[in-house]
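Residue numbers for the sequence shown follow the numbering used here, so the first one is 2 and each next one is one higher.
Backbone N, C-alpha and C define an ideal beta-carbon position, used for all residues, glycine too.
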Amino acid sequence: WRGSVYKMVWKDMLVYIILYFSISFIYRFGLDESQRETFEKLSLHCGYFRNLIPISFVLGFYVSLVVSRWWGMYESMPWPDKLSVLLSTHIQGHDARARMLRCTVIRYVNLSFLITFSMIAPAVKKNFPTLQQMMDAGYMTANEKELLEDLEKKTKVHKTWVPFMWACKIVDRARREGRIRDDVAQKTVTDEILRLRGCCGELLGWDEYNIPLVYTQVVTIAVYSFFLFSVIGEQFLDPSKKYDHNIIDIYVPVFTLLQFFFYIGWLKVAESLINPFGEDDHDFEFVALLKRHLE
Numbered sequence: 002w003r004g005s006v007y008k009m010v011w012k013d014m015l016v017y018i019i020l021y022f023s024i025s026f027i028y029r030f031g032l033d034e035s036q037r038e039t040f041e042k043l044s045l046h047c048g049y050f051r052n053l054i055p056i057s058f059v060l061g062f063y064v065s066l067v068v069s070r071w072w073g074m075y076e077s078m079p080w081p082d083k084l085s086v087l088l089s090t091h092i093q094g095h096d097a098r099a100r101m102l103r104c105t106v107i108r109y110v111n112l113s114f115l116i117t118f119s120m121i122a123p124a125v126k127k128n129f130p131t132l133q134q135m136m137d138a139g140y141m142t143a144n145e146k147e148l149l150e151d152l153e154k155k156t157k158v159h160k161t162w163v164p165f166m167w168a169c170k171i172v173d174r175a176r177r178e179g180r181i182r183d184d185v186a187q188k189t190v191t192d193e194i195l196r197l198r199g200c201c202g203e204l205l206g207w208d209e210y211n212i213p214l215v216y217t218q219v220v221t222i223a224v225y226s227f228f229l230f231s232v233i234g235e236q237f238l239d240p241s242k243k244y245d246h247n248i249i250d251i252y253v254p255v256f257t258l259l260q261f262f263f264y265i266g267w268l269k270v271a272e273s274l275i276n277p278f279g280e281d282d283h284d285f286e287f288v289a290l291l292k293r294h295l296e
């Protein structure tokens, strides 16, 4: 049930079914012959013009855009695994100093991840609302916290780049100490740190610039208008009058309900993927991701 399409569409489906059968009941038992003829003309009119709405084209293009955007967000997610392998390979030594250098670089990178995620994900912001909570969780020391707080007073620009800079300085220090064998190895590690910094920057960009609201509104209005007209236009009319496509009365509009389920489900999928940084069932699990990276 969690994260399923049924959970997303059942309320809309229930409202649609109630409206459809209420109108059907009124048509069958609440109207006289003259009123029934007027309703039948209205139903045929709504059914004809409803089909002129290019719902498949509009919705399909919108969902394609949203899914492409969602996949771009996923590909921008930073993972420290490659950096960990590079550090283990290029920072040589099994003594405490070598281990400290490797762990410090990874800690700084994870700190940058945490700062980035706290800016875009409400769930992370709730767990780490201030630098103090980040320090208590082991992401930074008291001195590093003071440096970030001083920088916060000087500028309001995000600070995700600062721990990355610290990580690059640690790599440079390891090279000067002879723990990294050559400049090529140092460049390889530094390039990976900078690539992760780029991933964090991309996430901030995805969060700041969303799909234009007007486009989402057009698609939503088109889909709901389509089914608002279908409440009347898809009614089963008197078969004895031999209207086009009304040769049988089966009371329950099976195919119309399937169409509603598919199109509304399609729209709900797009709505759920448009911002995967939230706290819905299907959004990215940033808190679990941070725990995994820290371990």
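Straight-line Cα distance separating residue j from residue i
i    : j    : result
S65  : Y17  : 26 Å
G202 : Y109 : 16 Å
R98  : C200 : 29 Å
G48  : K160 : 57 Å
S69  : I19  : 36 Å
A271 : L238 : 35 Å
G179 : L149 : 30 Å
L295 : N276 : 25 Å
F129 : N111 : 13 Å
L291 : V172 : 23 Å
D245 : S77  : 53 Å
L229 : S119 : 41 Å
E38  : Q218 : 35 Å
T117 : K157 : 14 Å
K12  : I265 : 11 Å
K83  : W207 : 23 Å
Backbone secondary structure at residue i - three-state DSSP
i    : result
V253 : coil
D82  : helix
E182 : The sequence shown places Arg at residue 182, not Glu. Reduced to three states, the DSSP call for R182 is coil.
K127 : helix
E296 : coil
E286 : coil
H91  : helix
I275 : coil
G199 : helix
S5   : coil
F243 : Per the sequence presented here, residue 243 reads as Lys, with Phe not at that position. K243 falls in the coil class under three-state DSSP.
G31  : coil
E150 : helix
I18  : helix
D13  : helix
E193 : helix
Y264 : helix
Run of the alpha helix (DSSP H) containing residue i, from where it starts to where it stops
i    : result
E34  : E34 to R51
Q134 : L132 to D137
G234 : L214 to G234
M141 : Neither: M141 is in no alpha helix (DSSP H) and is coded neither H nor E.
R100 : A97 to I121
E76  : I56 to E76
K157 : K157 -> no alpha helix (DSSP H), and no H or E assigned at all.
I171 : W162 to R177
Beta carbon of residue i nearer than 8 Å to that of residue j
i    : j    : result
A168 : L102 : no
S254 : Y21  : The residue you asked about is not Ser; residue 254 is Pro in the sequence shown. Taking 8 Å as the Cβ cut-off, P254 and Y21 qualify as a contacting pair.
K1   : V10  : No answer is possible for residue 1: the residues shown for the chain start at 2 and end at 296.
F263 : R51  : no
L197 : P123 : no
I121 : L204 : yes
V106 : L88  : yes
Residue i CB to nearest heavy atom of the ligand NAD below 7 Å
i    : result
E286 : Absent from the structure shown: the ligand NAD. Ligands present: none.
**Q.** Touch test, the region 186 to 193 against the region 90 to 97, Cβ-Cβ under 8 Å, three pairs minimum
**A.** yes
Q: Give a yes or no on contact between the region 189 to 199 and the region 138 to 147, applying the rule of three or more CB pairs nearer than 8 Å.
A: no
(Q) With a threshold of 8 Å, are at least 3 pairs of Cβ atoms found where one atom belongs to the region 279 to 288 and the other to the region 223 to 238? (A) no
Q. Can at least three beta-carbon pairs, one atom from the region 32 to 44 and one from the region 258 to 269, be found at a separation below 8 Å?
A. no
Q.
With three or more C-beta pairs closer than 8 Å as the rule, is the region 48 to 63 touching the region 132 to 141?
A. no
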